[in-house]
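Input: a single structure, listed below in structure tokens.
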């Protein structure tokens, strides 16, 4: 570790430990993980590469928040409360000190917002594009992590929030697609700064038998839940919850079925798809919450393996990459 | 996650969970971390970038092992026993399926050797060079992690194994430097596949008050221990343990003091520098072990801040990057 790395860890990242003793001020070879009696530790790790999982143009502040948020989404779907993070970051030569500071500032803002402390990690330089990985630790009451595979036939399939905004948002952020200026801004922001459903973790844990985060696309991730649960699933595309900008986009499409399939397979939604007993699911969908943030009943775990998507009672052919790999 | 990533995780990485239940066959959004009563969890995370921390020419099999080993070295210096790992890997376009398989094979061989299971992670592609980060979890008896800052004035400074082989090994691996063919091979192999001192973790825990792994260079890392302990340190360069190839190299150098400083600041040794009470330290150095693998008394934690290096009783000027950043 050279002088620059030493100074940079001190100035950029040490403040992000928020004084957590187990981080040892990022001065040691390792950190401790605090254990809490009656709680299990849950861990996830995701990486991003600029230009691959993030646009070339994405500013460092936003990149940092996306990196944390995609990991937070994984924990939320497991019913876990986030606790601490480790970061490995590879700075490209063209990033200035201001870029690196903006990255740390974006990360710090979100770590504080989601009550996560930084425990450690590594900073390196790379001749390639910006790249980073985050390891996120969370907690659930012992034995209560919600698995993908806990669903049973007859359970209701639920999804949180709205679907398709990530996919439309990527187009909006790239300046592609046909949107009003206002919708473009809103959708692009949904792509850049997804809202992990940390607020739903407790409901997932209390009410759902199985859950996954919606990152690959709703149909793919619902399929993962069904496959892991040893069931199939039936989804009514007309019931997939859409935001007002997504509904306006849909109204402009000529092939409504194909457009709905695109929204349901696009990915990057960072919502939660879950299975719950019908009575419990009915309660969840009624509880509502903020408009466009609550649970929607989109279908059922069915006995026959595989996924069937319906529209107006008719099966719809689903063959996009988001789903095909489960067949 | 597309079909390729899905298949690749199944074929390359699922076997590396070694059936650990808490990995959920790498099929879920997150893994559990098994907790053991009476044990603390210790965590570290290091990243490597090909061409930066690893030679361009380093084969995938070797890269994987280096990545794991540098992390194992951190845990060993904390007195921790390794338990589980999470991996984020960015495949460059030019890596073939054989390269990726070789990486997983190298990693798997070493995970098994060091009794570590894979719990999760992420595989992505990158237009840049190969890059990966590993998060390593280990265990120590509660409250017994060995810190950098636990040393006190008057304690003996110890180092494990031999020093300078990593630095000479990098030159040897690059085809630089003046070595016999046999020494070149031996040194290059020390660079490519460092031997983390997992075997010493229990001794570190039982006998040492402070410890760090020797990755930045012996003088820098001894300095870290002293600084964190609120002491200075005095090191006798003549007592720094050298391997037979390093001794042969040293004998060919005209400026012996400068050469010793180079060996002691070069880094990549992945040995352990530790502080222990003199009587305990004397026992450790006597216990010996395999030639070139045991502990050597190289100096003392001194009251005056800073590092003083001696040779034949005379102070030696130390100003290389490996040390300078502590001043």
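Residue numbers (my numbering), protein chains in the order written: chain R, 904 to 1230; chain H, 904 to 1230.
C-beta: ideal position from N, C-alpha, C; glycine also.
When 922/R, 955/R and 985/R are compared against residue 1105/R, the one with the closest alpha-carbon | Locating residue 1105/R in the first chain gives position 202, where the first residue counts as 1. Checking every option, the nearest Cα to that of residue 1105/R belongs to 985/R.
Given a threshold of 16 other Cβ atoms within 10 Å of its Cβ, counted over all protein chains shown, does residue 907/H qualify as buried or as exposed?
-> For the purposes of this step, residue 907/H is taken as the residue at position 4 of the second chain. It is exposed - the Cβ of residue 907/H has fewer than 16 other Cβ atoms within 10 Å.
Is residue 1040/R helix, strand or coil when you go by DSSP?
-> Position 137 of the first chain holds residue 1040/R. Strand.
What residues of chain R sit near residue 1032/H, judged by a beta carbon separation below 9 Å?
-> By 1-based counting over the second chain, the position of residue 1032/H is 129. Per Cβ cutoff of 9 Å: 1029, 1030 and 1031.
Assign residue 1056/R to one of three DSSP states: helix, strand, or coil.
-> As a first step, residue 1056/R must be located in the first chain, where it is residue number 153. In this structure, residue 1056/R counts as coil in the three-state DSSP scheme.
Sorted by chain position, which residues of the same chain lie with C-beta nearer than 6 Å to residue 1009/H's C-beta, five sequence neighbours on each side aside?
-> The residue you call residue 1009/H lines up with position 106 of the second chain. These residues qualify, in order along the chain: 964, 967 and 968.
Using 8 Å as the limit for Cβ to Cβ distance, is residue 952/H near chain R?
-> As a first step, residue 952/H is located in the second chain; it is residue number 49 there, counting from the start. True, the Cβ-Cβ gap to chain R drops below 8 Å.
Using a Cβ cut-off of 8 Å (strictly closer), state whether residue 1126/H contacts chain R.
-> Here residue 1126/H is taken as the residue at index 223 of the second chain, counted from 1. No, because no Cβ of chain R sits closer than 8 Å to the Cβ of residue 1126/H.
Are the segment 1045 to 1056 of chain R and the segment 1130 to 1137 of chain R in contact at 8 Å, needing three or more beta carbon pairs?
-> yes
Exposed or buried, residue 1137/H, counting other C-beta atoms within 10 Å across all chains shown (16 or more means buried)?
-> In the second chain, residue 1137/H corresponds to position 234, counting from 1. Per the 10 Å Cβ criterion, buried.
Going along the chain, which unbroken runs of the alpha helix (DSSP H) with 4 or more residues stay wholly within the segment 905 to 945 of chain R?
-> 906 to 911
State yes or no: is the beta carbon of residue 920/R nearer than 8 Å to at least one beta carbon in chain H?
-> As a first step, residue 920/R is located in the first chain; it is residue number 17 there, counting from the start. For residue 920/R, the answer is no, since every Cβ of chain H falls outside 8 Å of its Cβ.
Rounded C-beta distance between residue 925/H and residue 933/H? I'm assuming under 8 Å.
-> Counting from one through the second chain, the residue named residue 925/H turns up at place 22. Counting from one through the second chain, the residue named residue 933/H turns up at place 30. Incorrect: roughly 10 Å between the Cβ atoms, too far for contact.
Leaving out the 5 sequence neighbours to the left and right, which residues in its chain are closer than 6 Å to residue 1078/R when beta-carbon positions are compared?
-> Taking the first chain and counting its residues from 1, one reaches residue 1078/R at position 175. Cβ neighbours of residue 1078/R beyond the five flanking positions: none.
Which same chain residues, not among the five before or five after residue 912/R, have their C-beta less than 7 Å away from its C-beta?
-> Residue mapping note: residue 912/R aligns to position 9 of the first chain, counting from 1. 929 and 1026, listed in sequence order.
Run of the alpha helix (DSSP H) containing residue 986/R, from where it starts to where it stops = By 1-based counting over the first chain, the position of residue 986/R is 83. Unbroken run through residue 986/R is the beta strand (DSSP E), 984 to 995; no alpha helix (DSSP H).
Can the beta-carbon of residue 1091/R be found closer than 8 Å to that of residue 1177/R?
-> Within the first chain, the letter at position 188 stands for residue 1091/R. Within the first chain, the letter at position 274 stands for residue 1177/R. No.
Examine chain H for any beta-carbon lying closer than 8 Å to the beta-carbon of residue 1038/R, and answer yes or no.
-> Along the first chain, one-based indexing puts residue 1038/R at 135. It does; some Cβ of chain H falls within 8 Å.
Can you find at least 3 beta carbon pairs, one from the segment 1092 to 1102 of chain R and one from the segment 1021 to 1035 of chain R, that sit closer than 8 Å?
-> no
Under 7 Å (Cβ pairs) to chain H, residues found in the segment 1041 to 1053 of chain R = 1048, 1050 and 1051
Which whole runs of the beta strand (DSSP E) in the segment 1046 to 1127 of chain R are 3 residues long or more, in chain order?
-> 1059 to 1063 and 1113 to 1117
Going by DSSP, which residues form a beta bridge with residue 1234/H?
-> Limits of chain H in this structure are 904 at one end and 1230 at the other, which puts residue 1234/H out of reach.
Quick one: does residue 1213/R have its CB under 8 Å from some CB of chain H?
-> For this step, residue 1213/R is matched to residue 310 along the first chain. With 8 Å as the cut-off, residue 1213/R does not count as an interface residue toward chain H.
Is the shortest distance between the beta-carbon of residue 1093/H and the beta-carbons of chain R less than 8 Å?
-> Along the second chain, read from residue 1 onward, the residue named residue 1093/H stands at position 190. Taking Cβ atoms only, chain R never reaches closer than 8 Å to residue 1093/H, which makes this a no.
Would you kindly check if the distance between the Cβ of residue 980/R and the Cβ of residue 1158/R is under 8 Å?
-> To locate residue 1158/R, count along the first chain from 1; it is residue 255. To locate residue 980/R, count along the first chain from 1; it is residue 77. For residue 1158/R and residue 980/R, no; Cβs fall outside 8 Å.
Check whether the segment 933 to 948 of chain R touches the segment 939 to 947 of chain H, counting contact only when three or more Cβ pairs, one atom from each stretch, lie closer than 8 Å.
-> yes
Where residue 977/H meets chain R, residues with beta-carbon distance less than 7 Å = Residue 977/H sits at position 74 when you count from the first residue of the second chain. Those within 7 Å of residue 977/H in chain R are 932 and 933.
Can you give me the start and stop residues for the beta strand (DSSP E) that residue 1200/H sits inside?
-> Along the second chain, one-based indexing puts residue 1200/H at 297. Looking at the DSSP string, the run of the beta strand (DSSP E) that includes residue 1200/H is 1198 to 1205.
Which term fits residue 1050/R, buried or exposed, when burial requires 16 or more other beta carbons within 10 angstroms of its beta carbon?
-> Within the first chain, residue 1050/R is the residue found at index 147, counting from 1. Result: buried.
Where residue 949/H falls: helix, strand or coil (DSSP) | The residue you call residue 949/H lines up with position 46 of the second chain. Residue 949/H falls in the strand class under three-state DSSP.
For residue 1023/R, which residues in chain H fall below 7 Å Cβ to Cβ?
-> Position 120 of the first chain holds residue 1023/R. Within chain H, the residues near residue 1023/R are 946, 947 and 948.
Could you check how far apart the C-beta atoms of residue 987/R and residue 950/H are, in whole angstroms? I think they sit under 8 Å.
-> As a working mapping, residue 987/R is identified with position 84 in the first chain. As a working mapping, residue 950/H is identified with position 47 in the second chain. Actually they do not touch by this definition, with Cβ atoms about 18 Å apart.
Element boundaries [beta strand (DSSP E), containing residue 1137/R] | As a working mapping, residue 1137/R is identified with position 234 in the first chain. Element bounds for residue 1137/R: 1135 to 1139.
Taking all protein chains shown into account, do 16 or more other C-beta atoms lie within 10 angstroms of the C-beta of residue 1015/H, making it buried, or fewer, making it exposed?
-> Residue 1015/H sits at position 112 when you count from the first residue of the second chain. Answer is exposed; the Cβ neighbour count stays below 16.
Answer yes if the segment 1058 to 1065 of chain R comes into contact with the segment 999 to 1008 of chain R, meaning at least three C-beta pairs across the two stretches below 8 Å, and no otherwise.
-> no
Cutoff 8 Å; reference residue 1181/H; Cβ partners in own chain excluding five residues on either side | Numbered from 1 along the second chain, position 278 holds the residue referred to as residue 1181/H. Within the same chain, residue 1181/H has close Cβ partners 1057, 1058 and 1059.
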